[in-house]
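See below for the structure under consideration.
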RNA sequence: AGGGGUGUAGCCAAGCGGUAAGGCACCGGAUUUUGAUUCCGGCAUCCCCAGGUUCGAAUCCUGGCACCCCUGCCA
């Protein structure tokens, strides 16, 4: 599946179950499935499920199917199918031959529905939705039986066949399983199996006008495909008795078992399809692939790597208790991956001119520097140096706090890979804004963060030779919400939107070689963080950089 | 007495009767031309609470408490 060895996932209850089932011979091989409904785009929560299902299959030598749970054509679209496939593949997983659609089982499901009718275990009901709700009872009171529940097998069969034939309008009738209107489990109070929907289906077109419900589809689809472990999230737990009921009452070829795990909750974001959709539709973000979105497409565009996401999923573990994962863990996962892979480069986000007074006007020299501090195989490049340097505004302060070891008037700092300079003056305009800085350089200080007379310099800053840079747009992203749990108690999550989640800097300066950055390519801008050339807005020779994540900053928590 | 779940450090999470893994965060210290990385070291006398069984309990029993899910012709 994924060609890179991921870290060994820690034990979890599902791995234990699969391992036991294999060892005691209950199953010869493990077959799992990832069953998205094609009604939206995948997000980081789905990634957890994908890594779990495909990971289990990979680690135990089995297989994982990609199955579209396309039973509700009014919400589904073909475009989502393509996007979902792309996301799963991008994450590094392969389903090979095993691509399925629940809609391909519709004929078999229909036959099984007739089978249940023949057994006296299903009936066509004509209660209106309102009546059905009323008849269902409540959590603490039993429901009552529909008057149509007593229809004969013949009548039910005839009615159901006429439903399929298209003789009734949407909503006129439904097929229900005859189970128990007094069950304490609401899902067992004669659940609907089929409803009438005269609409086109994204995969099978106009072939059907009645569609099976999830509960009447999922378990049987698992059985048809020989799924051994059907893994879903906790909210389906109370559906398990129904999942089992259909499998027990139908002549299915296998008896898969359903297991549930806790879905992922990530701090500082929202995960529900409805809310993500709302963010997109109301223009609060710029599309599904907005780099601030927790969608797979958004993360990809932001510059997250598949390996980082897989690593994140391995680290969070799998359990049955409601888990709230801190956003920092996601950030830490990309840093870990990019630290080893990203070429280093110099970039100045908020440029301030620094004039080296004692450096010759027309002189330009070059320093050869490593592209990666611990990977010589990543090569070296040349960095030009001249009298006029650009440094980041954050690296100069007139009245610095204690412990600041960057630049201030009178202090010395090491220009990384170059000279130690001593700031001699700050020039401001009439509004008090800094126009430029002046400094003297120490000609004998190119060897390490040391002055020519051997004094160690603590502060090392990044810089660029002003005449040798390129100007690019850089986008700084921060968490989309300012509250760790935007979903908290009934409040409108939108009130917690972080107004500073996107900051666009149109005039950043970078090494001119970065103009050739390939969209999707990541760099570490020294001392600033990891940046990725935006896939969508970068043009040939004119890249736009997205900040994936900052470097860890134990000094100031600066951005 | 609706039903079904969950409760181990700030956040995840192993553990399945023999005396609390690991990761993230955090705190020290070393290395470092990124206040990065890397590296060492620290970080639960205690497992929601109260009783009980046992030589021995996070693990077994009893009783509480807290939180989550279930009343779509959604998945």
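Numbering (this note's numbering), first residue to last: 1138 to 1696. Virtual Cβ for every residue (Gly too), placed ideally from N, Cα, C. This structure is a prediction, so every number in the text was calculated from the model and none was measured.
Taking residue i as the reference, which of the options has the closest Cα?
i, options, result
"residue 1679", "1613, 1431, 1650 and 1228", "1650"
"residue 1301", "1345, 1407, 1561 and 1274", "1345"
"residue 1498", "1483, 1603 and 1661", "1603"
"residue 1314", "1672, 1308 and 1297", "1297"
"residue 1341", "1484, 1200, 1215 and 1634", "1215"
"residue 1587", "1559, 1606 and 1567", "1559"
"residue 1553", "1656, 1249, 1615 and 1484", "1484"
"residue 1242", "1353, 1162, 1323 and 1225", "1353"
"residue 1523", "1270, 1358 and 1555", "1555"
"residue 1733", "1173, 1198 and 1254", "Nothing can be reported for residue 1733: it is not among the residues displayed for the chain, which extend from 1138 to 1696."
"residue 1569", "1535, 1591 and 1169", "1535"
"residue 1094", "1589, 1625, 1636 and 1525", "This structure cannot settle anything about residue 1094, because the visible part of the chain is limited to 1138 through 1696."
"residue 1275", "1451, 1325 and 1457", "1325"
Identify whether residue i lies in helix, strand or coil by the three-state DSSP scheme.
i, result
"residue 1550", "strand"
"residue 1628", "coil"
"residue 1542", "coil"
"residue 1687", "strand"
"residue 1480", "strand"
"residue 1666", "strand"
"residue 1138", "Low confidence applies to residue 1138: its pLDDT is 38, below 50, so where it sits in the model is not reliable, and the reading given next is rough at best. In the structure shown, residue 1138 sits in coil (DSSP, three-state: anything other than H, G, I, E or B)."
"residue 1461", "strand"
"residue 1349", "strand"
"residue 1659", "strand"
"residue 1598", "strand"
"residue 1694", "A caution first: residue 1694 carries a pLDDT of 48, below 50, which makes its placement in the model unreliable, though a value can still be read off. Residue 1694 falls in the coil class under three-state DSSP."
"residue 1143", "Unreliable placement is indicated for residue 1143, whose pLDDT of 40 sits below 50; the coordinate value is still reported in the next sentence. DSSP places residue 1143 in coil when its eight states are reduced to three."
"residue 1256", "coil"
"residue 1621", "coil"
"residue 1305", "coil"
"residue 1677", "coil"
"residue 1323", "helix"
What are the boundary residues of the alpha helix (DSSP H) that includes residue i?
i, result
"residue 1188", "1181-1196"
"residue 1573", "Counting along the chain, residue 1573 falls outside any alpha helix (DSSP H), though it belongs to the beta strand (DSSP E) covering 1571-1579."
"residue 1641", "Note, residue 1641: premise wrong, no alpha helix (DSSP H); beta strand (DSSP E) at 1639-1648."
"residue 1401", "Element bounds for residue 1401: not the alpha helix (DSSP H) but the beta strand (DSSP E), 1401-1403."
"residue 1169", "It is not in any alpha helix (DSSP H) - residue 1169 instead sits in the beta strand (DSSP E) that spans 1168-1171."
"residue 1561", "Counting along the chain, residue 1561 falls outside any alpha helix (DSSP H), though it belongs to the beta strand (DSSP E) covering 1557-1565."
"residue 1165", "Careful: residue 1165 lies outside any alpha helix (DSSP H) and carries neither H nor E."
"residue 1299", "1290-1301"
"residue 1331", "Per DSSP, residue 1331 belongs to no alpha helix (DSSP H); it is in the beta strand (DSSP E), 1329-1333."
"residue 1267", "1266-1273"
Residues in the same chain with beta-carbon distance under 7 Å from residue i, minus the five sequence neighbours each way, listed in chain order, please.
i, result
"residue 1461", "1402 and 1404"
"residue 1147", "1454"
"residue 1369", "1395 and 1397"
"residue 1417", "1424 and 1425"
"residue 1695", "In this prediction, residue 1695 scores a pLDDT of 37, lower than 50, which makes its location untrustworthy; the coordinate-derived value is nonetheless stated afterwards. Excluding residues within five positions, the ones whose Cβ falls inside 7 Å are 1531."
Within a Cβ cutoff of 6 Å, which residues of the same chain sit near residue i, ignoring the five residues on either side of it in sequence?
i, result
"residue 1503", "1519 and 1521"
"residue 1371", "1397 and 1399"
"residue 1249", "1387"
"residue 1557", "1549, 1551, 1579, 1582, 1588 and 1594"
For residue i, which residues from the same chain have a beta carbon less than 8 Å from its beta carbon, with the 5 sequence-adjacent residues on both sides left out?
i, result
"residue 1310", "1261, 1262, 1263, 1296, 1300 and 1333"
"residue 1210", "1334, 1336, 1337, 1338, 1339 and 1348"
"residue 1245", "1357 and 1361"
"residue 1472", "1667, 1686, 1688 and 1689"
"residue 1272", "1264, 1280, 1281, 1282, 1283 and 1318"
So residue i is in the beta strand (DSSP E); what residue range does that whole segment cover?
i, result
"residue 1491", "1488-1493"
"residue 1520", "1517-1522"
"residue 1525", "1525-1529"
"residue 1367", "1366-1370"
"residue 1651", "Per DSSP, residue 1651 belongs to no beta strand (DSSP E) and is neither H nor E."
"residue 1153", "Element bounds for residue 1153: not the beta strand (DSSP E) but the alpha helix (DSSP H), 1150-1160."
"residue 1313", "1311-1314"
"residue 1207", "It is not in any beta strand (DSSP E) - residue 1207 carries neither H nor E in the DSSP assignment."
"residue 1236", "1236-1238"
"residue 1603", "First-last for residue 1603: undefined, no H or E at that position."
"residue 1214", "Per DSSP, residue 1214 belongs to no beta strand (DSSP E) and is neither H nor E."
>> Check whether the segment 1599-1612 and the segment 1634-1647 are in contact - that is, three or more C-beta pairs closer than 8 Å.
In response: yes
>> Counting beta carbon pairs with one atom in the segment 1320-1334 and one in the segment 1172-1189, are three or more of them shorter than 8 Å?
In response: no
>> Counting beta carbon pairs with one atom in the segment 1235-1253 and one in the segment 1197-1214, are three or more of them shorter than 8 Å?
In response: yes
> Is it a yes or a no for the segment 1658-1678 touching the segment 1477-1486, going by three-plus beta-carbon pairs under 8 Å?
Replying inline: yes
> Hey, is the segment 1617-1627 in contact with the segment 1571-1585, meaning 3+ C-beta pairs nearer than 8 Å?
Replying inline: no
> For the 8 Å Cβ check, are there 3 or more pairs between the segment 1576-1596 and the segment 1537-1545?
Replying inline: The answer is yes - the segment 1537-1545 touches the segment 1576-1596, with three or more Cβ pairs under 8 Å.
>> Tell me whether the segment 1504-1514 and the segment 1684-1693 touch, counting them as touching only if at least three CB pairs, one residue from each stretch, are closer than 8 Å.
In response: Contact fails: fewer than three Cβ-Cβ distances are below 8 Å.
> Are at least three pairs of beta-carbons, each pair with one atom in the segment 1150-1157 and one in the segment 1184-1193, less than 8 Å apart?
Replying inline: yes
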